[in-house]
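Position 73, counted from 1, in the sequence shown is what the UniProt record's numbering calls 73; the numbers after and before it change by one each time, with no gaps.
We treat Cβ as the ideally placed atom computed from N, Cα and C, and that holds for glycine.
Here the structure is a predicted model, which means the values were calculated and not measured.
A quick write-up on the structure given underneath.
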Amino acid sequence: MVIDVGEPADWVKINVRQTKECFEIYALVPGLLREEVHVQSDPAGRLVITGDPDQPDNPWGITAFKKGDQLAVKD
1 MVIDVGEPAD
11 WVKINVRQTK
21 ECFEIYALVP
31 GLLREEVHVQ
41 SDPAGRLVIT
51 GDPDQPDNPW
61 GITAFKKGDQ
71 LAVKD
């Protein structure tokens, strides 16, 4: 389950789906460019998705966010 890490960002919608070969991550982050969103994971299975607008004083009120999930990994 994807949870907020820090300030809540209800406007960001993230869905993680596991297939036989991989995890598929779908992120709806209106108002942010692809370059402003970062997806990272580590060998322990932690997934972190962050977004940081280049213009923090943007007229749409888009704020930075950080969401995380613990992925099920095989040993």
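Between the C-alpha atoms of Asp54 and Glu36 there is a straight-line separation of about 7 Å. In the DSSP assignment, Leu33 falls outside any beta strand (DSSP E) and carries neither an H nor an E. DSSP, read as helix, strand or coil, puts Val48 in strand. For a cut-off of 8 Å, the C-beta gap from Gly51 to Val29 is around 5 Å, short enough to register as a contact.
Within the same chain, and ignoring the five residues on either side of Asn58 in sequence, the residues whose Cβ sits closer than 8 Å to its Cβ are Gly31.
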